[in-house]
Ligand code: ASP
């Protein structure tokens with residue numbers, strides 16, 4: 001059966017355990033996911049485009065300091081925030097990506113400005129910021145982006161590192177937000193945005209803005225947005241690999257995504273997960289970690305919200 005429209009989102013994957021969660025924190029995460037789903041659903045039910053829907057969804061997550069993107073972005077080893085984001089339109093294969101950016105309130109909109117207003121696909125640093133400025137996007141200052149929880153996570157990570165150890169809690173170290181959608185016209189789109197990994201080296205870029213790794217969309221197969229250990233997702237071209245398996249091996253979306261997450265990534269230190277939608281509007285959200293903040297909605301308007309792997 002074809003869904004008239006479908007939307008899925010994630011807010012990062014990792015060691016997300018019930019034992020580490022308070023009822024209040026869990027309620028806040030679930031409310032944040034529901035709020036972001038509602039933002040994308042509002043676009044799709046009015047016959048809006050998949051691209052508008054994924055950008056609206058990701059903006060809602062970027063504005064929520066619980067998630068590691070936009071307002072809640074993590075800090076580099078030097079105490080700065082360097083954000084990465086990308087969008088891809090499955091109908092046209094148009095792409096916009098940015099890396100190492102600070103200032104735009106919604107990095108995903110800066111990525112979209114690259115797609116909409118330039119002849120290129122990928123900008124970093126000051127040039128990307130300039131494109132966002134020219135597009136008239138809202139900017140915020142350091143106070144807006146600073147959260148005590150992320151600053152604390154940096155201090156703890158640096159403290160462990162000074163003792164020659166790395167944090168064994170991936171949930172504290174990274175996170176990302178993303179959305180995929182199929183609209184009423186059958187077009188697919190994907191968007192992903194991240195602060196990267198806590199205490200990352202300055203200039204380090206993860207999989208999020210790398211097309212085919214953390215973000216991909218093609219109407220002929222699927223739209224994918226990933227979250228996890230970015231270096232491994234890049235090495236295995238995770239998002240594009242799912243599309244290739246569907247096109248060349250005739251696999252279903254669910255089988256292709258499961259293979260990439262559980263075989264290619266899990267067996268090579270690539271902890272994390274992804275969300276994906278195919279041209280019929282089927283959704284899959286596999287992970288190889290204990291949890292992934294995630295949710296989905298189709299035309300029936302029921303918001304499905306999940307956190308733990310066994311939900
Ligand atoms: N994939 C992101 C990165 O490597 C982090 C994450 O999703 O947790 O930058």
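Numbering (our numbering), first residue to last: 1 to 311.
The beta-carbon is built from N, C-alpha and C at its ideal position, and this holds for glycine as well.
In the displayed model, residue 113 falls within a helix according to three-state DSSP. Here residue 122 has 97 as same chain residues with Cβ atoms under 6 Å from its own Cβ, once five neighbours each way along the sequence are excluded. Taking the Cβ of residue 214 as the reference point, at least one heavy atom of the ligand ASP falls within a distance shorter than 7 Å. Only residues of its own chain outside the window of five on either side were considered, and among them 100 have a CB closer than 6 Å to the CB of residue 125, listed in chain order. In this structure residue 249 is exposed. Its beta-carbon is surrounded by fewer than 16 other beta-carbon atoms within 10 angstroms. Residue 257 and residue 265 have their C-alpha atoms some 11 Å from each other.
Annotation for residue 264 indicates a beta carbon at 7 Å or more from all heavy atoms of the ligand ASP.
When the beta-carbon positions are compared, residue 84 and residue 51 stay at least 8 Å from each other. Per DSSP, residue 83 is one residue of the beta strand (DSSP E) stretching across 83–89. Distance from the Cα of residue 235 is smallest, within the candidate group 223, 260, 9, for 260. If you compare the alpha carbons of 219, 242, 245, 214 with that of residue 231, the shortest gap goes to 214. Between the alpha carbons of residue 3 and residue 129 lies a distance of about 37 Å. The continuous alpha helix (DSSP H) containing residue 234 extends over residues 230–235. Restricting attention to 207, 120, 177, 195, the CA atom closest to the CA of residue 77 is found in 195. The beta carbon of residue 200 lies closer than 6 Å to those of 76 in the same chain, with the five residues before and after it left out.
Where residue 182 is concerned, the enclosing beta strand (DSSP E) starts and stops at 177–182.
If you compare the alpha carbons of 102, 162, 116, 72 with that of residue 202, the shortest gap goes to 102. Where residue 243 is concerned, the enclosing alpha helix (DSSP H) starts and stops at 238–249.
Residue 5 carries a coil assignment under DSSP once its states are collapsed to helix, strand and coil. Around residue 132, the same chain offers 104, 110, 113 as residues with beta carbons nearer than 6 Å, after the five sequence neighbours per side are excluded. Counting of Cβ neighbours within 10 angstroms places residue 262 among the exposed residues, the total staying below 16.
Take the alpha-carbon of residue 239 and the one of residue 27: they are about 30 Å apart. DSSP places residue 275 within a strand segment (E or B) once states are collapsed to three. Contact annotation, residue 219 with residue 186: C-beta distance approximately 7 Å; criterion of less than 8 Å satisfied.
Excluding its 5 nearest sequence neighbours in each direction, residue 212 has C-beta neighbours in its own chain below 7 Å: 237, 239, 240, listed in chain order.
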